[in-house]
Amino acid sequence: MVRTEAEFARVRDGVSAVVVDELFALVSLVAKILTKAREVERGMKGQNSLALLGPLGDIRGQLAGLLPNGFISGAGAERLAQFPRYLDGILDRLRTLADAPGKDRTRQSEYERMAQAYADAGGTIPLPAGSAPRLVEVRWLLEEYRVSLFAQRLGTAQPVSPQRIMKALSEK
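Going by this note's numbering, the first residue of the sequence shown is number 83, and it counts up by one from there.
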């Protein structure tokens, strides 16, 4: 318990130092996220085949779902730490898209099946504030699932599979 002005000053200075360090780390992370998002946008512009319109639309939707207005406060610092990997996953997908559109289509269909189950359970991307915890969990499992489908080399932050997603959706 703080009882003197000197103790208060010591505590205040300690807290201020931590807050400033965390703020700088968060600003650096957001700058990295926005830089990678710009790389994704450039990568999409570099694709000019009509056969890729579907996957490019999916990527546009994923990017919009990751970075809506207010995405920093909506996702929170802990979740934001995963965004560079999600964006690297999109970049990996863009790099292989033209060479293997059939594989991409198959993977996209697998993802869409899980995304539809999520939507059927009431989930949206982006999620509104105050959403049910199971929907929040599955929303981010879907991002991990994308990484597992399109950019396996990056790894996932947690185990993910269609079975895990369906199990999480069925829990109340």
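From the three backbone atoms N, C-alpha and C, an ideal C-beta is built for every residue, glycine too.
Could you check where the alpha helix (DSSP H) with residue i kicks off and where it finishes?
i, result
"residue 252", "244-252"
Can you tell which of the options has the C-alpha that lies nearest to the C-alpha of residue i?
i, options, result
"residue 236", "220, 245, 225", "225"
"residue 220", "242, 120, 229, 232", "242"
"residue 126", "205, 230, 240, 169", "169"
"residue 174", "121, 132, 195, 184", "121"
"residue 183", "118, 112, 137", "137"
"residue 117", "157, 152, 166, 153", "166"
"residue 222", "115, 251, 202", "251"
"residue 146", "123, 96, 135", "123"
"residue 129", "109, 230, 176", "176"
"residue 134", "180, 195, 228", "180"
"residue 209", "89, 157, 106", "157"
"residue 206", "227, 189, 143, 253", "143"
"residue 233", "171, 98, 103", "171"
"residue 194", "215, 238, 161, 139", "139"
"residue 199", "244, 214, 163, 94", "244"
"residue 239", "249, 227, 218, 248", "227"
Helix, strand or coil: which one does DSSP assign to residue i?
i, result
"residue 144", "helix"
"residue 83", "coil"
"residue 239", "coil"
"residue 91", "helix"
"residue 152", "coil"
"residue 128", "coil"
"residue 233", "coil"
>> Going residue by residue through the segment 156-223, where are the continuous alpha helix (DSSP H) segments of at least 4 residues, counting only ones entirely within it?
In response: Taking only runs of at least 4 residues, the alpha helix (DSSP H) segments lying wholly in the segment 156-223 are 165-179, 183-202.
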